[in-house]
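Below: the structure, in structure tokens.
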Amino acid sequence: MSHTELSHSAAGRSSDGGPGVVGHREAGGAPIAAEAAATTLVSQSSGADWLARYSSSLMGVFGTPQRVLVRGAGALVWDADGKEYLDLLGGIAVNALGHAHPFVTSVIASQLATLGHVSNFFTSPTQIALAEKLLAITKAPAGSKVFFANSGTEANEAAFKLARRNSSGKRTKIIALEGAFHGRTMGALALTAKEAYRAPFEPLPGGVVHIPFGDIEALRAAVDESTAAVFLEPIQGEAGVRPLSVEYLRAAREATTAAGALLILDEVQTGIGRTGKWLASEDAGIVPDAVTLAKGLGGGFPVGALITFGEPTSSLLTAGQHGTTFGGNPVATAAALATLHAIESQGVLENVRTVGARLRAGLSDVDAVTEVRGEGLLIGFDLDADIAPAMVTAALDAGFIINSPGPRTIRLAPPLILTTEQADRFLDALPGIIKAAAAQTAKDAQ
1110 MSHTELSHSA AGRSSDGGPG VVGHREAGGA PIAAEAAATT LVSQSSGADW LARYSSSLMG
1170 VFGTPQRVLV RGAGALVWDA DGKEYLDLLG GIAVNALGHA HPFVTSVIAS QLATLGHVSN
1230 FFTSPTQIAL AEKLLAITKA PAGSKVFFAN SGTEANEAAF KLARRNSSGK RTKIIALEGA
1290 FHGRTMGALA LTAKEAYRAP FEPLPGGVVH IPFGDIEALR AAVDESTAAV FLEPIQGEAG
1350 VRPLSVEYLR AAREATTAAG ALLILDEVQT GIGRTGKWLA SEDAGIVPDA VTLAKGLGGG
1410 FPVGALITFG EPTSSLLTAG QHGTTFGGNP VATAAALATL HAIESQGVLE NVRTVGARLR
1470 AGLSDVDAVT EVRGEGLLIG FDLDADIAPA MVTAALDAGF IINSPGPRTI RLAPPLILTT
1530 EQADRFLDAL PGIIKAAAAQ TAKDAQ
């Protein structure tokens, strides 16, 4: 990676190594941003005080936040009351390099102080360099292209429109899987299977058919000449970390190729090293027509991407047919370049494989755990009772952040830099967390 692509320095960083404030100063010399932070954010308010302010100022679409987090370092975060947590969710697979990674934060600060936004009437060196890097690490063939968005749902929305363009006057069907989660914008929501997410917003964009998960014969029966595209997550995260087999992915490639349909892989959660590889689908040895990325791509900074493979697919969307104001801006693309560079240069993929294997093995030895699924540091495990929601609370009390996508299922998606010592710390605490959750669940049932 050249200095042209990623220029960064210690300038603009505070004495403790955290990101400093770079920007305009008032006559007295105090940075305006620092003064604003001091007056609005830095206070002695407790978590309860902040949550009261939250409920009176923010929409309730997320319910009540579990904690008010104020600081992070690596795989650790601290709340407004000073309690420390081991973050085993990583912002739902977003914080690939943990919190406040010094290289990534320095690159973001340096780029923002140089050039922050230019609109899509222009481009920037970081945008071009990131596109080239993504094409390289995904081994995309000649003629492949990249479209940058701001999130996973926006990347999937672009992919939905790509599928619509593969119409040939007769292709109206788009196939997704039961259990799928592709986002919450209208096109992505149409691809998402969960009825509770869909029902309040119907009618959704038409033509989407959901077929049974992992059933190759059902897939082959559904894909025909009326099919524009098949959307697949190599591992369904929202559904409890359910992997598709290599055989299924290969069958999907064969069926879509034969029918002239697109194979679009949603690697928003599974991509960028989450499974110990750049893409979770690599082992299948197939070339998809498109892949969507986001979450870990920016190391915590919002950025998403749609990668189209080969010239025919890359030419489906033409000038004026799609766009975005913020997508591919210099700061987001610099953050992504920094994240990819750190993953490559610091042995992160190997760490993901090593620590992930240790976690999965340790989980399998826990009596109350009935099944362990996943790859790398995307892990789901099932319990022998409906105690998963209570486990999230018990884990917080014990100093761990985890997630329950189902009544008996826990999902882990920690930073890719999680250490073996930190993994062991969770494994040692897990029996006590399960016991506390079971007791609380029994108490609530009385």
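For the sequence shown, the positions run 1110 to 1555 when our numbering is used. Glycine is no exception: its CB is placed at the ideal position from the N, C-alpha and C atoms. In this text, all values refer to a predicted model and were calculated from it rather than measured experimentally.
DSSP places residue 1519 within a strand segment (E or B) once states are collapsed to three.
With the rule of 3 Cβ pairs closer than 8 Å, the region 1413–1421 counts as touching the region 1244–1256. About 25 Å separates the CB atoms of residue 1283 and residue 1487; that is not less than 8 Å, and the two are not in contact.
Residue 1502 sits in a helix when the DSSP states are folded into three classes. The beta carbon of residue 1462 is closer than 7 Å to those of 1385, 1485 in its chain, skipping five residues each way along the sequence. Listed in chain order, the alpha helix (DSSP H) runs fully inside the region 1185–1210 are 1199–1202, counting runs of at least 4 residues. Look at residue 1419 here: in three-state DSSP terms it is coil, with no helix or strand label. The alpha-carbon separation between residue 1351 and residue 1543 amounts to approximately 22 Å. Straight across, the Cα-Cα distance linking residue 1316 with residue 1374 is about 18 Å.
In summary, residue 1190 is exposed, with fewer than 16 beta-carbon neighbours lying within 10 Å of its beta-carbon over all protein chains present. In the three-state reduction of the DSSP assignment, residue 1484 falls in the strand class. When 1515, 1411, 1551, 1426 are compared, the shortest CA-CA separation from residue 1217 is found for 1411. Here residue 1299 is not near residue 1413, since their CB atoms are 8 Å or more apart. Shown here, residue 1340 sits in a strand according to DSSP, grouped into three states.
Between residue 1322 and residue 1286, the beta carbon gap of about 5 Å places them in contact (Cβ cut-off 8 Å). Look at residue 1166 here: in three-state DSSP terms it is helix. The beta carbon of residue 1196 lies closer than 6 Å to those of 1184, 1186, 1510 in the same chain, with the five residues before and after it left out. Fully enclosed alpha helix (DSSP H) runs of no fewer than 4 residues occupy 1355–1368 of the region 1350–1400, in order along the chain. Distance between residue 1314 and residue 1535, taken at the CA atoms: about 43 Å. Here DSSP, grouped into helix, strand and coil, assigns residue 1513 to strand. For residue 1324, the secondary structure class from DSSP, reduced to helix, strand or coil, is coil. Within the DSSP secondary-structure output, residue 1492 pairs in a beta bridge with 1478. By the Cβ test, the region 1430–1442 is not in contact with the region 1356–1376, since fewer than three Cβ pairs between them sit closer than 8 Å. As computed with DSSP, residue 1282 is found in a beta bridge with 1336. In the same chain as residue 1156, and ignoring 5 residues on each side of it, the C-beta atoms closer than 7 Å to its own belong to 1176, 1177, 1188, 1189, 1190, in chain order.
Between residue 1445 and residue 1212 the beta-carbon gap is near 13 Å, outside 8 Å, which marks them as no contact.
Between residue 1325 and the set 1335, 1312, 1339, 1348, the nearest pair of CA atoms involves 1339.
Taking residue 1471 as the centre and dropping the five residues before and after it, the same chain places the C-beta of 1536 closer than 6 Å to its C-beta, in chain order. Residue 1450 sits in a helix when the DSSP states are folded into three classes. Of the residues 1425, 1393, 1377, the one whose Cα lies closest to the Cα of residue 1291 is 1377.
Taking 8 Å as the cut-off, the beta carbon of residue 1408 is found no closer than this to the beta carbon of residue 1222. Classified as buried, residue 1242 has 16 or more neighbouring CB atoms from the shown chains inside 10 Å of its CB. Boundaries of the beta strand (DSSP E) around residue 1178: 1178–1182. Non-local beta-carbon contacts of residue 1277 in its own chain, meaning distances under 8 Å to residues more than five positions away in sequence, involve 1369 in chain order. When beta bridges are read from the DSSP output, residue 1319 appears opposite 1285.
According to the DSSP secondary-structure assignment, residue 1254 is paired through a beta bridge with 1417.
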